[in-house]
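> If you read the sequences in order, they're chains A and B. For our numbering, count along the first sequence from 1 and bump the result up by 52. For our numbering, count along the second sequence from 1 and bump the result up by 514. Structure below; questions to follow.
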Amino acid sequence: MQASVVTEAVRAKPARRLHGWWMPIAFLLPSLVSFALFKYYPLFKLFYMSFFAYQVASPPGDFVGFHNYAEFLGTDSFMLALRNTFVFALLFLAMTFWVPIVQALLLGEIGRGNSTFRFLYQIPSIVPYVVTVLIWKWMYNPDFGLLNYYLGKLGLGPYLWLNNIHMTKFAIVLPSLVATQGISILLYYSAIRGIPQDMLEAAKVDGAGPWKRITALLVPNMRFIIFIQFVGFMTGALLIFDPIYVMTQGGPAESTTTVSLHIYNTAFYQYRFGVSAAISVVMFAITGLITYAQLRLSKSADG
Amino acid sequence: MNNKGVMKTAAATLAVAMLLASTACGGEKNDTASSPDASPSGSAAQSTQSGSPSASEAPVEIVVWDYPTDGSAIEVEIPFFERKWKEFESKYPNIKVKHEQIAAGGKDREQYLTAMAGGNGPDAYPANPFPDMEKYIANGFNADLTERWNQYADKDQYSDAVMAAAAKDGKIYGVPHDIYIMAMTYNKKLFKDAGLDPASPPKTWDEFVAAAQKLTNPAKGTYGFNILGMDWADWHFEYWVWAAGGDLTQKNPDGTATLTFTSDAAVKALQLYKDLKWKYKVVQKNVVQSYDENDKDFQTGHAGMIIGSPDGAIKNGVDINDLGVMTLPAGPSGKAYHQTGGAYWSINAHSSPEKQDAAWKYIMFMTSKSYYDDELAFIKESGAFPPLVNPRKDVDPSTVFENIPADMVAAYKQASENLHLEYFLKARLSKYVVTAIQSVLLDEKADPLTELQKQQDLAQKEVIDPYNAEVKK
């Protein structure tokens, strides 16, 4: 019986091999091509552009070597943009990173209606982020916005939100608190579900309270997912552009100008494309370094 | 086994080769900007010609971005434009003109830059603003029109002042499309309600502040003066600096620039802005709201005075008799200056010679005296608010003034006696001035001189030093 199965398998193999080896390549090719076209080609073009006084209508213009880099690296505008970027990254971290983790942990405790809640958590992230940002922009209007209206009924405000130099960063981060991380919740939740139930039961029997269970059992087992999310999160936070561009375009008084906005303004308002490319390259290097540091830390933590 | 290895390498090489080929194709498209010349559009033009084109002229298609933007004040002229475009077609049957819209909402500059960078720019573009011309010329967007201009019969109808922003190093890069004079528009009904005489608007800064205070009524939701605080803030702010007797920059005889952000005049003007917001409290709460929202505030009767022309309000149904135009209030210098600006036609430097010729013919047609005279006649009939100044000396818009209240006409005539071009290098220095303005308007503790000094130092290092070095080369 077994022998015939083996011979069948041996006979079947050559037929598969004939159209086997190039199938993976065929499936990978579209994504490779689009990666190359939309990620790598622009990246190499960027390096190229940063060494020229780039003329956008008659490229590439005069070769200037590292002059573009020298031009912006010491400037206060860039330093301010860098400072704003890190403040934004910290704000995003403090206000939005832990939310899906907590939501997933709470989800894990819910038995009935679990799938309903999971569904409800997804809905805000179906809406394109830009639409959410636009709606919040209108809600922030100091004269007619919904927020000041309802806060006024409670006796608070009126607040200036995006008009207030000190409040505006916080106002830009706020929509992300409630609106965007449906997929993250699912990822964390699946990590929690991956933890064997009998371990949790044993812990309960041993008398571990919910807080002890979370810190000693659940979170350590989610470490890998949290780390992966964190790397992607930091990269996204350092490169933040969409909400700021839609809400304040870098104002007021440059209090929300991040490096990505600075790059945009340098290119599209000042027409200094070479300098803009140079700033992009430097930002690429900074983000790459931070990501690398995170990977190294995680490797050493794993032993 | 060997076969498999060789095949795998061959497949990998093929994949890489495909990648390189596709990227190479992408690169080429970007560099040959005049590729729209390719035959598909030419043959399309041929097939749509009803009669045969004149034997000597080959058919040519040009793209012009002059179809009125949705919601703009010149939408009322669409029937007129269509009539004129048909006239042009019958005059030059071999030239087919494709009219496209410029983006609304202040996005026109971005749209133009993106198109030019991608090699898809229009062959003729009518909206090169005066202050942006030097940026466009420096980047090689505009074709050199000097030779054509010197042979142009009507070139003396344009004064040196009107052509100043289109000229660089003795060469001409644009043909004036429109010019405007900035004044202030006020709501006569609100004036009457506040106990002010609508026939005698404020003439000095002190009178202006007093009027604004009278017009501000939180109970009714009205305020005295709508201030421009969004990222075009410097556009209106410069007028107050001029009224205070100075300017934001100075063009030196050798072509270099000197910053005067911290001059007495600029500090006085910014102090006025600060007082209007924090001391007298006569401006809107949301000082950085969009340009459209500012217009809406005025057109819905919430703001008493706004810098700008009444044509938008009239187009949106406000009764012209409820509006007034006043010259800007005179400042510490004793005078007020009125900004003149406008836009130029330009021809795309990267278009083929045939398209450039066709574009020139089109521009000449659209800037001829007969064109403007016909346009004024149409506007008079339609009852819209006319452009009260024209770049040509031989076109006199006063022929349409019968519809317009005499006091408005008088105000513009008075404004035209003290004209002023925008401050030198405005397009490059805008963000620094705007940052200083916004700091003062949004933070009660900000000090005008400190903010202006901070921005001047930044602008000096980041813009002026490299610019002056370029000029001296």
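The beta carbon of each residue, even a glycine, is placed where N, CA and C say it ideally should be. Here the structure is a predicted model, which is why all the values come from computation and not from measurement.
1) Counting only C-beta atoms, is A:Asn215 closer than 8 Å to chain B at any point?
2) If you run the structure through DSSP and keep just helix, strand and coil, what is B:Tyr753?
3) According to a CB-to-CB cut-off of less than 8 Å, which residues of the region 781–802 of chain B neighbour chain A?
4) How is the beta strand (DSSP E) around B:Trp874 delimited, first residue to last?
5) Kindly give me the distance between the Cβ atoms of A:Leu373 and A:Ser312, rounded to whole angstroms, as I take these residues to be in contact under 8 Å.
6) Candidates A:Ile175, A:Ile331, A:Ser332, A:Pro295: which alpha carbon is nearest A:Ile187's?
7) For the 8 Å Cβ check, are there 3 or more pairs between the region 888–895 of chain B and the region 689–709 of chain B?
8) Which partner residues does B:Tyr694 have in the DSSP bridge list?
9) Using a C-beta cutoff of 8 Å, does B:Ser566 count as contacting chain A?
10) Quick one: what does DSSP say B:Ile741 is sitting in, helix, strand or coil?
11) Give every residue of the same chain whose Cβ lies closer than 7 Å to the Cβ of B:Arg906, excluding the five residues on either side of it in the sequence, and list them in chain order.
12) Chain B beta carbons: is any one of them nearer than 8 Å to that of A:Gly303?
13) Among residues of its own chain, excluding the 5 on either side of B:Ala657, which ones have a beta-carbon nearer than 8 Å to its beta-carbon?
14) Using a Cβ-Cβ distance cut-off of 8 Å, determine whether A:Phe320 contacts chain B.
15) Can you check which of these residues, A:Gly72, A:Val183, A:Asp128, is closest to A:Val298 by C-alpha distance?
16) Residues of chain B with a CB under 8 Å from the CB of A:Pro194: which are they?
17) For B:Met696, I'd like the list of residues in its chain whose CB is within less than 6 Å of its CB, leaving aside the five on either flank, ordered along the chain.
18) Taking 8 Å as the cut-off, does the region 749–766 of chain B touch the region 827–840 of chain B (at least 3 CB pairs, one atom from each stretch)?
19) What does a CB cutoff of less than 7 Å around B:Pro846 pick up in its chain, not counting 5 residues either side in sequence?
20) Run down chain B in chain order and give the residues with a C-beta less than 8 Å from the C-beta of A:Val108.
21) How about B:Ile834 and B:Pro919: are their beta carbons less than 8 Å apart?
22) Counting only Cβ-Cβ distances shorter than 9 Å, please list the residues of the region 269–296 of chain A near chain B, keeping chain order.
23) With C-beta atoms as the reference, is B:Asp809 less than 8 Å away from B:Gly826?
24) In angstroms, rounded to a whole number, what distance separates the CA positions of B:Lys649 and B:Ala941?
25) Distance check for B:Ser930 and B:Trp719, CA to CA, integer angstroms please.
26) B:Tyr981 to A:Gly302, Cα distance in whole Å?
27) Does any CB atom of chain B fall closer than 8 Å to the CB of A:Ser129?
28) May I ask you to list the residues that DSSP assigns as paired with B:Tyr581?
29) Please determine, among B:Pro607, B:Val611, B:Met647, B:Asn608, the residue with the shortest C-alpha to C-alpha distance to B:Tyr626.
30) Any idea what DSSP makes of A:His314, helix, strand or coil?
31) With H, G and I counted as helix, E and B as strand and the rest as coil, what does DSSP make of B:Gly556?
32) Taking just the CA atoms, how far does A:Ile315 sit from B:Gln665?
33) Measure from the alpha carbon of B:Glu889 to the alpha carbon of each residue in B:Phe595, B:Glu589, B:Val578, B:Ala587, then state which is nearest.
34) With burial defined as no fewer than 16 other Cβ atoms inside 10 Å of the residue's Cβ, what is the status of A:Gly234: buried or exposed?
35) Could you give the distance in angstroms between the alpha-carbon of B:Glu721 and the alpha-carbon of B:Lys728?
36) Mind listing the chain A neighbours of B:Glu976? Cutoff is C-beta to C-beta under 7 Å, in chain order.
Reading from the atomic positions:
1) yes
2) helix
3) Listed by position along the chain: Gln798, Lys799, Asn800, Val801, Val802.
4) The continuous stretches of beta strand (DSSP E) do not include B:Trp874, which lies in the alpha helix (DSSP H) extending over residues 867–880.
5) Residue 373 of chain A lies beyond the residue range present for chain A, which begins at 53 and ends at 355; the question has no answer from this structure.
6) A:Pro295
7) no
8) B:Gly855
9) Its pLDDT being 44, under 50, B:Ser566 is placed unreliably by the model, and the measurement read from it follows with that caveat. B:Ser566 does not count as touching chain A.
10) coil
11) Gln671, Tyr672, Lys883, Tyr886
12) yes
13) Tyr687, Ser860, Ile861, Asn862, Ala863, Ser865, Gln870
14) Yes, A:Phe320 lies at the interface with chain B (some Cβ there is under 8 Å from its Cβ).
15) Across the set A:Gly72, A:Val183, A:Asp128, the C-alpha of A:Val183 shows the shortest separation from the C-alpha of A:Val298.
16) Lys799, Asn800, listed in chain order.
17) His852, Gln853
18) The region 827–840 of chain B vs the region 749–766 of chain B: no contact.
19) Ala758, Gly759, Lys782
20) Leu627, Met630, Ala631, Asn653
21) Their beta carbons are under 8 Å apart, which means B:Ile834 touches B:Pro919 by this criterion.
22) Correct list: empty, as no residue qualifies.
23) Against a cut-off of 8 Å, the Cβ pair of B:Gly826 and B:Asp809 comes out as a contact.
24) Note on geometry: alpha-carbon atoms of B:Lys649 and B:Ala941 lie some 8 Å from one another.
25) 20 Å
26) Taking the straight line joining both Cα atoms gives about 24 Å.
27) yes
28) B:Gln615
29) B:Met647
30) helix
31) Residue confidence is low: B:Gly556 scores 38 on pLDDT, short of 50, so the model does not pin down where it sits. Its coordinate-derived value is still stated next. Helix.
32) 43 Å
33) B:Phe595
34) buried
35) C-alpha separation (whole angstroms): 11 Å.
36) Thr127, Ser129
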